[in-house]
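Contents: one structure, followed by commentary.
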Amino acid sequence: MEIAPELIEEISERKVPSTGLPDLEVGEGEKVVLRFAPNPNGPATIGSVRGIVVNAEYARRHNGEFVLRFDDTDPKTKPPMLEAYLWYLEDCEYLGAVPDRVVYASDRIPKYYEYAEKLILLGKAYVCFCKRDEFKRYKDAGVACPHRAADVGTNLECWKRMLNREYAEGEAVLRIKTDVGHRDPALRDWAAFRIVETPHPRPEIGDRFGVWPLLDFESAVEDHLLGITHIIRGKDLMDSELRQRYVYDYLGWQYPKTLHWGRMKIHEFGKFSTSAISRAIADGTYTGWDDPRVPTLRALRRRGITAVAIRKFMIDLGVGETDISLSLDNLYAINRKVIDPVSNRYFFVWDPVAVEIRDAAPMVATPKRHPDRDDLREIPAGSRVFLCGEDIEGLKPGDRLRLKNLYDIEIVDTESPTPTVKRIGTAAQEWCTIEEKPRYRIIHWVPDMQDGYLRVVVRAPDRAYEGVGEASIASELGNTVQFERFGFVRIDSVDAENRLVVAYFAHR
RNA sequence: GCUCCGAUAGUGUAGCUCGGCCAAUCAUGCGGGGCUCUCAAUCCCGUGACUCGGGUUCAAAUCCCGAUCGGAGCACCA
1 MEIAPELIEE
11 ISERKVPSTG
21 LPDLEVGEGE
31 KVVLRFAPNP
41 NGPATIGSVR
51 GIVVNAEYAR
61 RHNGEFVLRF
71 DDTDPKTKPP
81 MLEAYLWYLE
91 DCEYLGAVPD
101 RVVYASDRIP
111 KYYEYAEKLI
121 LLGKAYVCFC
131 KRDEFKRYKD
141 AGVACPHRAA
151 DVGTNLECWK
161 RMLNREYAEG
171 EAVLRIKTDV
181 GHRDPALRDW
191 AAFRIVETPH
201 PRPEIGDRFG
211 VWPLLDFESA
221 VEDHLLGITH
231 IIRGKDLMDS
241 ELRQRYVYDY
251 LGWQYPKTLH
261 WGRMKIHEFG
271 KFSTSAISRA
281 IADGTYTGWD
291 DPRVPTLRAL
301 RRRGITAVAI
311 RKFMIDLGVG
321 ETDISLSLDN
331 LYAINRKVID
341 PVSNRYFFVW
351 DPVAVEIRDA
361 APMVATPKRH
371 PDRDDLREIP
381 AGSRVFLCGE
391 DIEGLKPGDR
401 LRLKNLYDIE
411 IVDTESPTPT
421 VKRIGTAAQE
431 WCTIEEKPRY
441 RIIHWVPDMQ
451 DGYLRVVVRA
461 PDRAYEGVGE
471 ASIASELGNT
481 VQFERFGFVR
491 IDSVDAENRL
501 VVAYFAHR
């Protein structure tokens, strides 16, 4: 029997497992332009990170352009935070997603006015004077409000008055005509502009404008002006697309291709909102936007979660419309692979207990800085050490342990305020280089002697760990290290004067 | 109430467009073992899923209908 081999190959190719992002539908010779458009009313959260990473990644793959657009058109309800503009830029850079272009919507308000006027002239937009609940009643009933019937001249006139600040906040909005009887109430005559008297936080904008566009309008116009070819965002904005398409149809524009991802819920963070975090920072619950408990990129950065790991994590999620609920453990697993080979090892004793060693002789332990390498660190040891409370808890006289890279000990007394152990072993010179297999549980330790240790605080999402660490940790400022039997941390600050180190916990 | 979207192992994901190669991919987690002076890393082995019910078809994870469950929108927020 004859089988065409090329046919079989072609069929088999289809089922090759793939991972990550689905392919983009790109026209012949089309240059892709993608954007991420946050409201900088707070720093980038883990949700924003998905938008940055995925859009930038597509731009990179297709040799296209990545635009960062600040949709900062709400000076009142969710006013932009001035520092957050900078933070977004920093965060993008950290993620290796430096935008090819940065746009501030608040700089381009007059542009939006132009298109508003065009739509009014086309008879596709009208100034509505209904109160909110009044309009809602019309909308729910599927009937036009009285202002919808106004002629183009009247609408133009009223629009000019809006711009001239002749109306008060709440008195008038500009609506886009869709279909008042549309079966989906979410799509019926939506508001495109409203009056906001609150000045914009950006000093260069301030109170220059009294009429501000809403997302659907601003985004619709901007996406067209910026030549966005593909919009990739959460599926909560699917209706937005449907609303915006009316504007595109009226103006004869072509809507970008869209891709939506489902809701992402992170176990560790649960439900959160930027404003709720903001309040918690204000009342002192959190220390700031980079508190290790907060779901921002700034916090992850401070904890030593690398950009490569974050990017891989986000890209592996793909762009499915399924709602997902996942744990950061996946991110940690990726990050561990990244930092493990480059993170030096140190002893950190949490919840420390000082212990007296009988028959101890002064000496220096020399553990490896990293198990894969041969360079050593030096830890002087005297007659007192700190051990983790949990390591000696429940031990009885006669129980034995090995102090890692030092020698074996036997418990003598755990009752007194300073527990006592005694050194067991053979010749002193062999203590540092015990070759035989350890017979007892191996624990780590920190010398309790003058200048022999640092006070260390590890700030973790669940709690702060206070303890002591070996002195050479001081040389690792800014680096990620592994505290043996504890986990990976980033050394956040070193106060040499007071021999105090603050570290941020990354993960186990 | 109206509308839209989704459903593959504990979690995430591939496969679904164009039905057969799927007794279903990969990662993570979990269990067991090797190595190791860290409860890490690493290596080996194992574990575990197509939401349910109908239909179409020689053949369904894949197509159709219904149900159930989950999520979202119906703001003068983004």
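1 is the number of the first residue of the first sequence in the working numbering; add one for each residue after it. Don't be surprised by glycine CBs; every beta carbon is placed ideally from N, CA and C.
Asked, Found
"Is the separation between the beta-carbon of residue 102 and that of residue 50 shorter than 9 Å?", "no"
"Mapping DSSP to helix, strand and coil, what is residue 325?", "strand"
"For residue 502, does the three-state DSSP call read helix, strand or coil?", "strand"
"Report the rounded CA-to-CA distance for residue 423 versus residue 359, giving the unit in angstroms.", "6 Å"
"Is DSSP giving residue 3 helix, strand or coil here?", "Residue placement at residue 3 is poorly supported in this model, since its pLDDT is 32, which falls under 50; the coordinates still yield a value, given next. Three-state result, residue 3: coil."
"Quick check on residue 159: does DSSP put it in helix, strand or coil?", "helix"
"Where residue 494 and residue 474 are concerned, what is the direct C-alpha to C-alpha distance, given to the nearest angstrom?", "6 Å"
"From which residue to which residue does the beta strand (DSSP E) around residue 388 run?", "384 to 388"
"With distance defined between alpha-carbon atoms, name the residue in 228, 481, 264 nearest to residue 236.", "264"
"For the beta strand (DSSP E) containing residue 44, list its first residue and its last residue.", "No beta strand (DSSP E) holds residue 44; DSSP gives it neither H nor E."
"Using 8 Å for Cβ pairs, my map puts residue 261 next to residue 321. What's the rounded Cβ distance?", "7 Å"
"Could you tell me if residue 376 is buried or exposed, where buried requires 16 or more neighbouring beta carbons within 10 angstroms of its beta carbon?", "exposed"
"According to the Cβ coordinates, are residue 298 and residue 492 closer than 9 Å?", "no"
"Given a cut-off of 9 Å on the beta-carbon distance, is the pair residue 285 and residue 43 in contact?", "no"
"Using three-state DSSP, classify residue 417 as helix, strand or coil.", "coil"
"Which of the three DSSP states, helix, strand or coil, is assigned to residue 235?", "helix"
"With DSSP collapsed to three states, give me the class of residue 81.", "coil"
"I'd like the span of the alpha helix (DSSP H) that includes residue 278, first residue to last.", "274 to 282"
"Smallest Cα separation from residue 447: which of 206, 289, 461, 472?", "472"
"For residue 506 and residue 146, what's the separation of their Cα atoms in angstroms?", "59 Å"
"Give the secondary structure of residue 409 by DSSP, where H, G and I count as helix, E and B as strand, and everything else as coil.", "strand"
"Looking only at its own chain, which residues have a Cβ that is under 6 Å from the Cβ of residue 115, when we skip the five neighbours before and after it?", "221"
"Return the first residue and the last residue of the alpha helix (DSSP H) that residue 483 is part of.", "Counting along the chain, residue 483 falls outside any alpha helix (DSSP H), though it belongs to the beta strand (DSSP E) covering 480 to 483."
"By how many angstroms is the C-alpha of residue 461 removed from the C-alpha of residue 241?", "38 Å"
"Mapping the DSSP letters down to three states, classify residue 228 as helix, strand or coil.", "coil"
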